[in-house]
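Right, one structure below, let's go through it.
2 protein chains.
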Amino acid sequence: MNIGEIAKRAGVSRSTVSYALSGKRPVSQETREKIQRVIKDLGYRPNASARALANGRTSTIGLVFPPAGNHYTGMQLDFIGSVVEAAAAYDYDVLLSPSGVDSDRSFQRLLGERRVDGAILMEIRLQDDRVEHLLAENFPYVCIGRTARPDGDWWVGLDHTALTAACVHHLADLGHRSIAFVNRPERLLRAGYESAHRGLDGFTKAAAERGLTVRAYTCEDDAPSGQACVERILHDVPASTALVTLNEAALGGLYRGLAHAGLHVPRDFSVTGVVASRWAETVTPQLTAADVPAAQMGRMAVELLVERLDHHDAPPRHHLLAPPISLRASTGPVGTGSPTDPHRTPGFDSNA
Amino acid sequence: MNIGEIAKRAGVSRSTVSYALSGKRPVSQETREKIQRVIKDLGYRPNASARALANGRTSTIGLVFPPAGNHYTGMQLDFIGSVVEAAAAYDYDVLLSPSGVDSDRSFQRLLGERRVDGAILMEIRLQDDRVEHLLAENFPYVCIGRTARPDGDWWVGLDHTALTAACVHHLADLGHRSIAFVNRPERLLRAGYESAHRGLDGFTKAAAERGLTVRAYTCEDDAPSGQACVERILHDVPASTALVTLNEAALGGLYRGLAHAGLHVPRDFSVTGVVASRWAETVTPQLTAADVPAAQMGRMAVELLVERLDHHDAPPRHHLLAPPISLRASTGPVGTGSPTDPHRTPGFDSNA
DNA sequence: GGGATTCATCGAACCGGTTCGCCGGAAGTT
DNA sequence: AACTTCCGGCGAACCGGTTCGATGAATCCC
Numbered sequence: 075m076n077i078g079e080i081a082k083r084a085g086v087s088r089s090t091v092s093y094a095l096s097g098k099r100p101v102s103q104e105t106r107e108k109i110q111r112v113i114k115d116l117g118y119r120p121n122a123s124a125r126a127l128a129n130g131r132t133s134t135i136g137l138v139f140p141p142a143g144n145h146y147t148g149m150q151l152d153f154i155g156s157v158v159e160a161a162a163a164y165d166y167d168v169l170l171s172p173s174g175v176d177s178d179r180s181f182q183r184l185l186g187e188r189r190v191d192g193a194i195l196m197e198i199r200l201q202d203d204r205v206e207h208l209l210a211e212n213f214p215y216v217c218i219g220r221t222a223r224p225d226g227d228w229w230v231g232l233d234h235t236a237l238t239a240a241c242v243h244h245l246a247d248l249g250h251r252s253i254a255f256v257n258r259p260e261r262l263l264r265a266g267y268e269s270a271h272r273g274l275d276g277f278t279k280a281a282a283e284r285g286l287t288v289r290a291y292t293c294e295d296d297a298p299s300g301q302a303c304v305e306r307i308l309h310d311v312p313a314s315t316a317l318v319t320l321n322e323a324a325l326g327g328l329y330r331g332l333a334h335a336g337l338h339v340p341r342d343f344s345v346t347g348v349v350a351s352r353w354a355e356t357v358t359p360q361l362t363a364a365d366v367p368a369a370q371m372g373r374m375a376v377e378l379l380v381e382r383l384d385h386h387d388a389p390p391r392h393h394l395l396a397p398p399i400s401l402r403a404s405t406g407p408v409g410t411g412s413p414t415d416p417h418r419t420p421g422f423d424s425n426a
Numbered sequence: 075m076n077i078g079e080i081a082k083r084a085g086v087s088r089s090t091v092s093y094a095l096s097g098k099r100p101v102s103q104e105t106r107e108k109i110q111r112v113i114k115d116l117g118y119r120p121n122a123s124a125r126a127l128a129n130g131r132t133s134t135i136g137l138v139f140p141p142a143g144n145h146y147t148g149m150q151l152d153f154i155g156s157v158v159e160a161a162a163a164y165d166y167d168v169l170l171s172p173s174g175v176d177s178d179r180s181f182q183r184l185l186g187e188r189r190v191d192g193a194i195l196m197e198i199r200l201q202d203d204r205v206e207h208l209l210a211e212n213f214p215y216v217c218i219g220r221t222a223r224p225d226g227d228w229w230v231g232l233d234h235t236a237l238t239a240a241c242v243h244h245l246a247d248l249g250h251r252s253i254a255f256v257n258r259p260e261r262l263l264r265a266g267y268e269s270a271h272r273g274l275d276g277f278t279k280a281a282a283e284r285g286l287t288v289r290a291y292t293c294e295d296d297a298p299s300g301q302a303c304v305e306r307i308l309h310d311v312p313a314s315t316a317l318v319t320l321n322e323a324a325l326g327g328l329y330r331g332l333a334h335a336g337l338h339v340p341r342d343f344s345v346t347g348v349v350a351s352r353w354a355e356t357v358t359p360q361l362t363a364a365d366v367p368a369a370q371m372g373r374m375a376v377e378l379l380v381e382r383l384d385h386h387d388a389p390p391r392h393h394l395l396a397p398p399i400s401l402r403a404s405t406g407p408v409g410t411g412s413p414t415d416p417h418r419t420p421g422f423d424s425n426a
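Listed in order, the protein sequences are those of chains A and B. Count along the first sequence from 1, then add 74; that gives the number in the working numbering. Count along the second sequence from 1, then add 74; that gives the number in the working numbering.
Below you can see the structure in the form of structure tokens.
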């Protein structure tokens with residue numbers, strides 16, 4: 075069922091069918107209606123590959139995000155969902171590419187073989203070879219996150235530096251003097267993930283400003299690691315009374331670790347960080363956090379990309395977001411009781 | 075940069091370049107090397123649209139899942155991740171389509187315009203018009219979930235009936251006599267989502283067998299709704315001592331609701347259900363649950379689809395999974411104390 | 001040494017759309 | 001009546017690959 079078949083049955087040429095569909099040249103009322111009737115009867119839809127080949131656009135955007143194996147976080151889910159939804163509104167499909175680096179086969183497929191018109195990159199690194207590559211190729215893209223040189227680039231990002239600093243100030247204002255930082259996995263920090271780096275920077279600087287005792291940890295993206303991380307924190311600095319985290323996936327484990335140590339949140343120990351509100355509200359007590367507006371960021375990324383695709387010479391644009399801290403229930407003033415004096419029996423989780 | 079350019083620079087015809095690349099006809103060592111050198115120098119990669127047009131296959135599979143707006147669950151994330159990863163192993167890309175029903179524009183784009191070679195459908199309904207449509211069109215697909223008529227169909231699914239029944243028996247064995255069921259949102263139940271229906275069936279039948287007092291609830295896919303749901307449960311049947319849930323996204327809220335009511339899990343109240351292990355381990359105490367092997371299911375779905383694509387006349391296959399209940403820490407024998415006698419102060423979550 | 005075989009390569013057609021240039025006839029102008 | 005203008009539609013070329021049949025040279029066999 076192709077355009078030739080439609081043309082034949084409508085008794086016109088292929089080009090006339092094409093013009094009737096695209097409207098790029100006038101077609102008489104009469105023939106247009108005849109063509110549309112045939113199309114409807116046969117349930118014809120133009121072949122996407124042929125169309126893409128002819129006009130050089132696939133109407134597809136690539137969403138590049140690191141591979142699984144390790145875990146996905148809920149925030150990534152929010153990004154994916156909002157990107158897909160926003161793209162649909164602009165009549166774009168979304169192709170998923172699980173690539174962390176330039177050299178990935180998947181990345182080459184997507185771009186080299188022109189499967190997509192443009193790309194949205196997630197999990198940006200400060201030095202990101204994917205970005206360098208796209209820049210060199212002049213391939214349209216938008217980053218969710220920003221590299222070390224964000225000027226003249228297309229991105230939508232969070233001001234992690236400001237956000238973690240705000241968390242520190244919030245805790246310092248409540249009287250906390252010894253605070254831990256729970257980062258993303260060490261592997262990601264080493265690889266130069268921007269959120270991990272900028273978050274750590276903001277934390278460190280703000281802590282120095284306030285003269286706090288701090289210690290930074292890395293933690294895998296899962297609950298058991300979060301629990302283990304809290305154990306390390308309390309072992310290293312038993313006087314710790316609060317933590318700031320970027321690690322959404324470990325959050326449940328952090329809470330569990332504190333509960334096992336007999337520490338009540340927020341009475342004995344405060345927890346805050348940078349987390350999507352949807353997940354911050356999942357834990358009990360609900361997390362006081364800088365809410366990551368993941369859905370909004372996904373939408374914005376699509377909007378920027380569409381703009382870039384529509385106007386090939388549009389000047390670079392970006393959005394830097396710094397949402398305020400939402401006060402929920404996981405932070406409070408430093409308690410008077412010793413944190414090693416549990417208010418309830420540790421180890422109530424019998425098979426831990 | 076196309077195949078003609080490569081041919082010209084290598085001093086051969088276009089067809090020779092094509093054969094050198096595909097290996098479908100022998101090409102002399104000498105010319106092959108020359109061609110490969112030129113290709114490498116120019117960084118050539120064949121255009122995917124042209125290739126798709128010529129050989130009628132896009133090397134892309136569609137992943138059809140309901141739109142956002144409502145929330146995505148973690149389980150869906152696991153499916154998406156594992157499908158993408160498995161597809162990559164077979165050299166397929168994954169195109170996301172946020173469509174719940176046949177009539178969605180996105181669905182029509184994907185299939186009618188032949189953007190994909192096959193589709194994987196998520197969130198199956200007992201009567202699913204998408205499945206009917208694909209069946210009628212003889213379009214290759216695999217369902218994650220099964221319709222009311224699963225015979226002769228391609229799918230990988232969970233035996234929700236058996237799983238919820240197992241949860242009931244587990245609780246009954248522990249002495250629970252009054253159990254609540256927390257289902258997915260009412261909208262989904264009405265729409266005929268298979269997990270919601272089969273899960274409810276299994277729950278109801280097993281409860282009848284064991285002569286238990288039960289009550290079933292629907293609950294939106296988020297924490298606040300979970301909390302509200304627990305309040306309803308305790309209001310309706312104060313003597314309830316356990317619940318079974320299919321609602322992963324509400325889990326955190328269910329726990330919070332119990333905590334607010336002063337009920338300790340598992341001493342005063344047991345919780346179990348059907349949840350991916352990754353999320354079951356997030357909550358404290360960790361959830362005793364039938365672990366949804368989402369990653370495995372995603373892989374299997376891709377394998378089935380690839381088989382179907384490779385052998386167009388392959389007989390229908392499916393996998394029905396019924397993972398055992400993983401005993402963690404959220405269920406226990408019915409306590410001796412009255413459940414309305416809190417062991418700790420309710421409302422400790424100060425801004426709830 | 002001539003006919004059959006093998007091998008590497010080429011040219012042309014095709015996949016299913018889009019787009020450009022052109023043409024024939026009706027309408028409008030003087 | 002002859003000349004321009006306008007409109008609707010047609011045919012051919014093109015996008016960038018794949019694939020089939022044919023061709024010519026080298027090799028083999030009796």
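Note that beta-carbon positions come from the ideal geometry of N, C-alpha and C, so glycine has one too.
| Item | Value |
| --- | --- |
| Residues near Arg251/B in its chain [Cβ-Cβ closer than 7 Å; skip 5 each side] | Leu286 and Thr287 |
| Inter-residue spacing [alpha-carbon to alpha-carbon] between Arg373/B and Arg125/B | 26 Å |
| Any 3 or more C-beta pairs closer than 8 Å across the stretch 315-325 of chain A and the stretch 249-266 of chain A | yes |
| For Thr319/B, three-class secondary structure by DSSP | strand |
| Exposure of Val345/A, with buried meaning 16 or more beta-carbon neighbours within 10 Å | buried |
| Span separating the alpha-carbon of Ala81/A from that of Val230/B | 42 Å |
| Residue span of the alpha helix (DSSP H) that contains Arg330/A, given as start and end | Leu325 to His334 |
| DSSP state of Thr458/A mapped onto helix, strand, coil | With chain A running from 75 to 426 in the structure shown, residue 458/A is simply not present. |
| Alpha helix (DSSP H) segment containing Cys217/B, residue limits | Careful: Cys217/B lies outside any alpha helix (DSSP H), inside the beta strand (DSSP E) at Tyr215 to Ile218. |
| The stretch 369-385 of chain A touching the stretch 154-166 of chain A, judged by at least three CB pairs closer than 8 Å | yes |
| DSSP state of Val357/B mapped onto helix, strand, coil | coil |
| Bridge partner(s) assigned by DSSP for Trp229/A | Cys217/A and His392/A |
| Simplified DSSP state of Leu378/B, which is helix, strand or coil | helix |
| For Ala368/B and Met149/B, believed in contact at Cβ under 8 Å, the rounded distance | 5 Å |
| Simplified DSSP assignment, three categories, for Gly406/A | coil |
| Beta-carbon neighbours of Gly148/B, restricted to chain A and to distances below 9 Å | Tyr146, Gly148 and Leu151 |
| Short Cβ contact (8 Å threshold) for Ala94/B with Ile109/B | yes |
| First and last residue of the uninterrupted alpha helix (DSSP H) at Thr90/B | Arg88 to Ser96 |
| Cutoff 8 Å: Asn121/A Cβ touching any chain B Cβ | yes |
| Cβ-based neighbour list, His393/A, same chain, cut-off 7 Å, excluding 5 preceding and 5 following | Val230 and Met374 |
| Straight-line Cα distance separating Gly130/B from Val357/A | 49 Å |
| Every unbroken alpha helix (DSSP H) within the stretch 246-310 of chain B, with a cutoff of 4 residues, ordered by chain | 260-265, 268-283 and 297-310 |
| Buried versus exposed, by CB contacts within 10 Å (16 or more), Met75/A | exposed |
| Cα-Cα separation, Val216/A to Trp228/A | 5 Å |
| Neighbour-count burial assignment, Arg204/A, 16 or more Cβ in a 10 Å radius | buried |
| Pairwise C-alpha distance: Asp275/B and Ala239/B | 8 Å |
| Chain B contact residues for Ile135/A, given Cβ-Cβ distances below 9 Å | Within chain B, no residue comes near Ile135/A; the closest Cβ sits about 11 Å away, beyond 9 Å. |
| Neighbourhood of Leu237/A by C-beta distance below 6 Å, restricted to the same chain and skipping five residues each side | Val348 and Ala364 |
| Own chain residues within Cβ distance below 6 Å of Ser173/B, not counting five before or after | Val138, Ser180 and Phe181 |
| Outcome for Gly226/A when other beta-carbon atoms lying within 10 angstroms are tallied against a minimum of 16 | exposed |
| Residue closest to Thr400/B, alpha-carbon to alpha-carbon, out of His386/B, Ala388/B, Glu381/B and Leu361/B | The sequence given here has Ser at residue 400/B, not Thr. Cα-wise, what sits closest to Ser400/B is Leu361/B. |
| C-alpha gap between Val190/A and Phe213/A, whole angstroms | 10 Å |
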